[in-house]
Every structure is written in C-alpha cells, then in structure tokens.
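Here's the structure, in structure tokens; my notes come after.
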Amino acid sequence: MLKQKLQDVLNEPACATNQAKTTQDRRKGCSAKALVPGAAAGGCAFDGAKVALQPIADAAHLVHGPIACEGNSWDSRHAASSGPQLYRTGLTTDLQELDIIHGGEKKLFRAIGDVIARFDPPAVFVYQTCVPALIGDDLVKVCALAAARFDKPVIPVNAPGFVGTKNLGNKLGGEALLDYVIGTREPQHTTPYDINVLGEYNVAGELWQVTPLFERLGIRLLASITGDGRYHDVCCAHRARVNMMVCSQALINLARKMEERWDIPYFEGSFYGIGDTSSALRTIAEMLVARGAPAELLARTDALIAQEEAEAWSRLVQYRPALAGKRVLLYTGGVKSWSVISALQEMGMIVIGTSVRKSTDSDKQRARELLGPDAQLFDQIPAREMYRMLEAGEADILISGGRTQFTALKARVPWLDINQERHHAYAGYDGMVEMVRQIHRELTNPIWSQIRAPAPWEGQE
Amino acid sequence: MAAIIDHPRKAVAINPLKTSAPLGAALAFLGLDACQPLFHGSQGCTAFALVLMVRHFREAIPLQTTAMTEISTILGGADHVEQAIGTIHQRAKPRIIGLCTTGLTETRGEDMAGDLKLMKARHPEWQDLSVVFAPTPDYIGGLQEGWAIAVTAMITSLVPEGPATPAGCAPAVRDQINVLAGSHLTPGDLEALREIIESFGLTPIILPDLSGSLDGHVPGRYIPHTLGGTRLEEIRAMGRSIHTLAIGDHMRAAAEALAQRTGVPFTLFDHLTGLAANDRLVTLLSEVSGRTAPPLLRRRRSQLVDAMLDGHFYFAGQRVAIAAEPDLLLALSEFLTGLGCTLSTAVTSAPSPVLNRIPTNRLIIGDLDDLEREATGCGLLITHAQGAEIAKRMGIPLFRAGFPLFDRLGAAHRITVGYRGSRDLIFEIGNIFMDHRAEHAPGHHQRHQEDDDEYSIGSQAAAG
Ligand code: SF4
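Sequence lines, in order, name chains A and U. Residue numbers for the first sequence follow our numbering, beginning at 1400 and rising by one. Residue numbers for the second sequence follow our numbering, beginning at 95 and rising by one.
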C-alpha cells in the first residue's frame, strides 16, 4: 500500500519540476539526484511528514520507533501555537531490543491508549519510522484497531525515513490528511470568504503577520494547514472556497486532490516580500469573487494593499542609507525569493548570487532577469567554496538557513537566519520590514570591526 | 541505596530524556583530530543528530551518512559503506573515519567487521585511513552508552597491542598519563583537567578530547573534518603511559580494554566534582608524578572549602530533582547531597551499575514526564534544555546540565571539574537558591520550613 502511495505521490502531475522530468527520473523521486553515500545531507521522509503535520497544535503526535527519531528531534521547531501546547510534547514508543525481536505492534497499541488516557486529544497522529517498517509492524492496522477501541481518530502517517527525502515526507503527510482527516466533519457555518492556507507552518509566528490582513478584508481562514492548526478545523477544510498553497511544492498533491475531490481551486503564492504579499491577497480576492463572493471585495483588497505597501515602503526608507551598495549572498535552498530580492534591491543592496537548487527552468529565467548578468545562480555551493567566497569578501552578508551559519561566522562575515528554526518572523508587509531591520542590525553591529582587528601578536612575529 | 523503578512495561516515552547511542558515538569521534564520523543508516538519522549537535555546540559539525534506502537495507548495505568511505576519503581526506551503525542497519544485521576487512583489501589507497567501527543500535542505551562503545572501539582498533613500538621494548614514558574522558565532561572540563594534570609535570593524552576540537575556535581556513582533538599518534602511544585515569563508570570497559592490550594500570573516577573526588585525584597525581600538589592547587582547594562554608546555608534542606544520564546523575547528586540537599527524585535514561549508589529514595529509569510528575514541591530541577518548558510550567527554577543545551551560550565551556570548577558550581547553584528563597510571610513561613525539614530528615533516615 505504501508502495502505491509512493508511486502516486512521485508522479504528481501538478508539480512543474516533475513534469519537466522523464518518466525514469520521475520514478527516482523528488530529490534531483540519488543520494550519494558519504556526501548526502538533509532530513528523511519521517522528518518531512512531521514538519507538515506537527503544527496541528491540539493533536498528539506519537512516533513509533527507537529513540533516534524522536529523542534527537522533539520540540526543535518554532512552529507557534496561539493556544494548545500538546503538539510540543515528545511522544515515542522508544523501541528496545526486545520490541524489535517480538515486533512493536502491541507496544504501539498500548502507547496510543496511554496517550489518549493521559492527554485526551481530539486525535492522535502516529508516525512510522524505519526500524518498525523493516520488521513489518503494520501501522495502518494498529491505528485502525486503536481508533475503534478508544473511539478516537488515530491517523497513521506512513512515511518511514528510508523511503525518501523530507520533501517526499511533506507530501506523504498531506496524503494522511486526505485519507483520514479532511472531510470527516462539517463546519458549523460557512461563508463566501472561506479559505485554507496550505504549507504555512507558522514558524516564529509568521502566519500571525498575515491573518490580521485577512481579518481586515473579512476573509476567513477556515483551516490553516497546518501552522497554528486545530484538528477539527482541518477536518472541515473541504468546505473552503479557495486554497492558497504557500511557497513550495511541499503540499502540491494535497492542493490538487482537494480540487479534484471537492472542487476547491488553488493557487501558489507567497507571503515573503511586499510584491508577493500583495499579489497573494489580490489573487485570493479574485478567486473568492469568481466563486461567488461579492465583487466589492476586490476594491477593498486594492485599497488595503495600497495602504499597506505605502506604509511598508515608508518604514523601509530609513534603512536605505546604511544598506545601499552592500552585497548579499542569498542561499535559501528552496524558498522562491523573487520579491525578497526586489525588496533588497529596493534598499540599494546588490544580490551577488542566489541558489536555484529547487527551482524550475522558468524560475531560473526569472532570477536571471531580476538579478542581471553579473549575478551567479548557484545549484549547490560546497562549504569549502562558500567559505572561500566569504573569506575573500565577495559578499557583505550571507542570508541562509542554519546549515551554512558557521561557514559565514567562521569567515567573520555577517549572517541572517532564514531557517526553519529561526526566531524572527518575516512574512507579510511587517515581516519584510522586520527582515530588512534585522539585516541592518546585523550589518551595523559593532562586533565586526572589533573581531576583524589583528591579534596583538599578529604582525609582531 | 536507591530504590530503582524501571518501567519495562511502559509503552510510551513522554518528553524523552534520552538521545541516541549513535549520536553519543559520533560525539566521541568528534574528539579525535582529523576525524569524520559516519552513520551507517538512512540520512534522516544523521540530519537529526547533526542539527542537535550544531545547536548545542554552535559549531559546524562534520557528520556523514551512508544514505541507506529501503531497498539497500534489505539487500545489505556493504556497498553503501564502501562508497561512503571512498567519497569521504576522496573529498574530506580525514585520517580516521568513525563508523557508527544505527537501528536500521543493526536490525537488518550485517557482518560489518568482516565487510570492512574485505573493503580494505580492495582499496590499497585507503592504506593510511583508519576506520573505527562502533556498533550502536538505536534501541540499546543512549548517548552515554554510544560514547562508551565508540571509545572502546578506538582503543581496540587504534592502540597497538603490547608495548607501543614494534621493537617490543619501548620503555614507558615517565611523565605521560592517559585520560579516558566520559561523555559527562565538557570541552571546558577537559581543558581544566589538562591544566591540573600538567601542573604535576605530567603530560596527558586525553581520549577523546573535545577540548581540542569543539572548544569554539576560529580556525582561519576551511576544514571539512575535525580540527584538534586526540591525534592518531597520541592514541598509538597510549601504551607507553604510566597510568590511565578513567572518568565515569561508563569508561570502565575502555579502561579495561586498554589495560589488557598494553598493561597500563588504571584508576576509575566516577566524576571530578566536589572536594572528595578532587582530593582523590590530587593524591593519585602526586603518587604517579612523585610530586606534591603545586601551590596553585592548594590555594584553589582552600577556595573550594571556603565556598562550601559560605554556600552550604543555601543548599541545606533544599529538595532537588535531577534527570540525567547515569554518570552525570551520580556526579550531580553526590555533589548536591554533599552540601546538604535532598535528592527527592532522580530520573535516568538507562540501567547502569552506578544507579544503586545514587543517594535517593526514588530513582526512575524514565523520561522528563516522570520528572514533571515527581518533582512537585522541589526547590530546583536539573536536566538538559528540554526541561525548560517543564520548569516553566512547574514554576521551579532550572539548572541546565547534560546534552543538549541549545538554549545557553557557552554550553561547551561550563566547568564543573577540579577544585575551581566545583567552587564555581556552588556559586552558580547557590545563587539560584538565593534568588528563590521562600518569602518571609507570616504563618506560611514557619509551616513551610517545618515541612521541608520533616521530609529531609525522613528521607535521609530512610536513605541511610
Ligand atoms: S531515517 Fe528512519 S530511523 Fe532515521 S530518523 Fe528518519 S525515520 Fe528515524
């Protein structure tokens, strides 16, 4: 069954990257190349599934496996919740040698019972991992038995790490929602302004930089999938009028299948950057109106956009003098950062290069147009090369995820965190201003001149 | 002394205390110079362990994976290991690769030692590369146990048997001693310990030595593997030392293996925190070196004694709950009860011979949920960073110790060994107690005091 699911997910017709591939390449899955032993980096499918589902804050998330999977990783992300905190509780069957020998199904069944008895959550998500998958523990069966016995939704998330990458795991997480969650409840009422947002995890509270904009427009976020999510809201997600899929291809399968099953049109948008935020809001308004919302929503949306944009730009100008002419290396891994680039350029900053690792050809085209002929488009920069670039002073600041943090810092070059574990929120209009403010803070911090000064003995010897 | 409660039937760990054994093994390998640890498993295990270590040390961590998939697991992963070693050998050029298995590959079961021999034969270009193999299934033990397995593996595969030179008659180096460092010591601890040992005119070989590699230096060039740590030449020379200090009961197997291979006698210390432990250390170093304690150490001892005199008022009668791996738990609990605290609850991660020496009535092999449920009414919680939320919920101050400590700066530099480290630990914890002293409110005040006294008298009587 998992095999079928994998074929299905890897064949995603709505994924542009995927459509550009040959049939053979497609079978190999979402990671561009097969993983090279001794030179691979990145999370597993279980990791990806957990990233996608764990922000459902009132649910329990139970990991079936030995300590490596949950013990080394629980509560490590800053997907914020405005209420329940249960999702942050680390729960695992912590399989021991004897469990491996005798099989872990019974222990898993008891664990589900214990979790329900202790926390009484609206649902339990149960994650499969490599070792129990290898010894043949039947996760789906145990979850079904437990659901019947304890009269609670118990959702199997069948994405053991070794089936693929984090990105594949995101999609398998989406499949679990389709198979077991969405459509299992009806909302108390619906409005013509109901939308879902897919693939926004509320890292550092980013969703909350956007929800006030929705509220001012009278747009109702029926279900957030899954940042600051609530189980019962997600159950009702099939009644939304429009799905917005945020940024990445992570939950494309979910968006497409919700369109197939429940006629919910979707679009892909981003809340990073001023231009992208405006166009996302405008698209939502247009799509809602197309589905029957009163047309006056469009004018209200335009007015809000005009006001917010003017305000954001007026807050940004103060940073321009300090930032103009500074060179940025943008190494983001996945996020489509066009409008971030626009904002940085608007500040007079020069983007000397950006990564296009997970981008399609048309994305690359667009990057080229935006950055001009001198900028470099990188696939992957080996750590050694990145260190050399920074050490040689080719960039004044590196904006990247956590993996390259110490490459920048050891080269004594300013660094801005845009990783999943970051502490600052960069979404919407406020978020863009915040990002520029943080870049400004980092670049103008007094430590840089101090730590670049030679040690007393340098030059003496 | 302790009544140990194990929950073999407990089905779910809630807020785990434990991290994995391969992570512990990788950490130990990071204490070797020019080393690249490698997990034989699926890439996700590596990613999680890597992220956690990076967050703790705030350093780039070299850790690689054999990138096993479902299919390669079923077929057997020897060629993934071979490829991974080849790739690393070519790209990062380390001198040592620390190969750690994981739950996945151990469940499948492979003859890794045999496979490695065949590989070496196939690859003459690996001649100068040492591959140290540590079998660390995720489903047995945690960080401390994985660390211990790796250190033993370093000795059995890198220290030559018998006298250290092929000539067979190399004399012992008179001023050289070995230190087998347990996982409960920080890079800062090792730096301090080295200083103490050197003050007796001795030269220590510390294995593994995180103080060389993970002490937060800025190297000034790009290095793909560890830089600093125990050098291969030092490990090979361990057989010529006159004595071995093993710190932490989990270093016992490594010390025995070393003694068996080389005949170097060893002395085991549970930990080096507190007056008694350090007096024992100084006595031993004096004997081994033939020198009396240098003036600096004498002054530091006197400072520790003074800190105990000044500080004990704040510790006396305090009820403390600790969740930590066995050897760290022993160190902290002996230290605190030695200042007059009562250890009302202790939680640990795995069975260990030291557990029945933990001075408490209530010792649970469990998780941080056990700590949360048992620690009500305590004056202090001690555990790693994952306890921060629990402490907040309970309104009890937290002293962070163990791994991971991702919400503190300088986790690697905290020193709790030696007279001076012990002195500073009294100050650090004593100040927490001072900040949280019971309010002087009428009525409540007296009653509260009585309750505490009753408890500690009761439990000490029971404990004794
Ligand atoms: S790769 Fe498998 S065993 Fe490793 S963390 Fe992911 S699910 Fe767990």
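Ideal placement from N, C-alpha and C gives every residue a C-beta, glycine not left out. Note that the coordinates shown come from a computational prediction; the quantities given were computed from them, not determined experimentally.
In three-state terms, what does DSSP make of Asn1566/A? helix
Pairwise C-alpha distance: Ala1451/A and Ala347/U: 43 Å
Can you tell me where the alpha helix (DSSP H) holding Asn1652/A begins and where it ends? Ile1651 to Trp1661
Going by beta carbon distance, what residues of the same chain come within less than 7 Å of Arg1681/A, once the five residues before and after it are set aside? Thr1700 and Ile1704
Counting only C-beta atoms, is Tyr1937/A closer than 8 Å to chain U at any point? The requested residue 1937/A is not part of the displayed model; chain A covers only 1400 to 1860.
Helix, strand or coil, according to DSSP, for Tyr1360/A in the structure here? In this structure chain A extends from 1400 to 1860, so residue 1360/A is not present and cannot be described.
Looking at the structure shown, is Phe294/U part of a helix, part of a strand, or coil, going by DSSP? In the three-state reduction of the DSSP assignment, Phe294/U falls in the coil class.
Given this structure, state the Cα-to-Cα distance separating Pro1483/A from Lys1449/A, to the nearest angstrom. 17 Å
As a quick exercise: from Ala247/U, Val106/U and Gly368/U, pick the residue whose alpha carbon is nearest that of Asp1513/A. Nearest C-alpha to Asp1513/A: Val106/U.
If we ignore side chains and look at the alpha-carbon of each, how far apart do Arg189/U and Ala482/U end up? 39 Å
Quick check on DSSP: helix, strand or coil for Pro1781/A? coil
Are the Cβ atoms of Lys1763/A and Ala1649/A separated by less than 8 Å? no
Would you say Gly1572/A reaches chain U, if we count a Cβ-Cβ gap shorter than 8 Å as a contact? Judged by the 8 Å Cβ criterion, Gly1572/A is not in contact with chain U.
Which of helix, strand or coil DSSP assigns to Thr280/U: Per DSSP, reduced to three states, the secondary structure at Thr280/U is coil, with no helix or strand assignment.
Could you have a look at Asp1816/A and say whether DSSP puts it in helix, strand or coil? strand
Starting from Cys139/U, find everything on chain A with Cβ-Cβ shorter than 9 Å and list it in chain order. Cys1443, Ala1467, Cys1468, Asn1471, Cys1529 and Gly1560
Any C-beta of chain D under 8 Å from that of Met162/U: The structure shown contains no chain D; its protein chains are A and U.
C-alpha gap between Phe1549/A and His1460/A, whole angstroms: Inter-residue distance for Phe1549/A and His1460/A is about 16 Å (C-alpha atoms, whole angstroms).
Within 8 Å (strictly less), CB to CB, does Gln1648/A reach chain U? no
Looking at chain A, which residues of the region 184-199 of chain U have a Cβ within less than 8 Å of any of its Cβ atoms? With the criterion set as a beta carbon lying under 8 Å from some beta carbon of chain A, the members of the region 184-199 of chain U are Arg185, Thr196, Gly197 and Leu198, in sequence order.
Beta carbons nearer than 9 Å to chain U: which residues of the region 1802-1831 of chain A have them? Arg1802, Thr1803, Gln1804, Phe1805, Thr1806, Leu1808, Lys1809, Ala1810, Arg1811 and Glu1820
Sequence-distant residues of the same chain with beta carbon closer than 6 Å to Gly1830/A, five excluded per side: Gln1608 and Ala1824
Within the continuous beta strand (DSSP E) that includes Gln221/U, where are the two ends? Careful: Gln221/U lies outside any beta strand (DSSP E) and carries neither H nor E.
Can you tell me whether Asp1446/A sits near the ligand SF4, meaning its C-beta is under 7 Å from at least one heavy atom of the ligand? yes
For Asn1410/A, does the count of other Cβ atoms within 10 angstroms reach 16, so buried, or fall short, so exposed? exposed
Take His161/U and list the residues in its own chain whose beta-carbon comes closer than 8 Å to its own, dropping the five residues that flank it on each side. First, the residue type needs correcting, since residue 161/U is Ala and not His in the sequence shown. Closer than 8 Å at the Cβ level, and outside the excluded window around Ala161/U, lie Ser136, Gln137, His174 and Ala178.
Please report the Cβ distance between Pro1520/A and Asp1474/A, rounded to the nearest whole angstrom; I am assuming they are in contact, meaning their Cβ atoms lie under 8 Å. With a Cβ gap of about 16 Å, Pro1520/A and Asp1474/A do not count as contacting.
Going by the C-beta, is Leu212/U closer than 7 Å to any heavy atom of the ligand SF4? no
Given a threshold of 16 other Cβ atoms within 10 Å of its Cβ, counted over all protein chains shown, does His1822/A qualify as buried or as exposed? exposed
Cβ closer than 9 Å: which chain A residues qualify as neighbours of Val148/U? Gly1801, Arg1802, Gln1804 and Phe1805
Anyone know if the C-beta pair for Met332/U and Gly276/U falls short of 8 Å? no
For Leu398/U and Pro231/U, I'd like the C-alpha separation in whole angstroms. 42 Å
Within chain A, partners of Ala178/U - CB distance below 7 Å: Pro1436 and Gly1437
Boundaries of the beta strand (DSSP E) in which His134/U is found, first to last residue: Cys129 to His134
Would you report the Cα separation of Pro1412/A and Ile191/U, rounded to the nearest angstrom? 43 Å
Considering only their Cβ atoms, is the gap separating Arg1726/A from Ala1794/A smaller than 8 Å? yes
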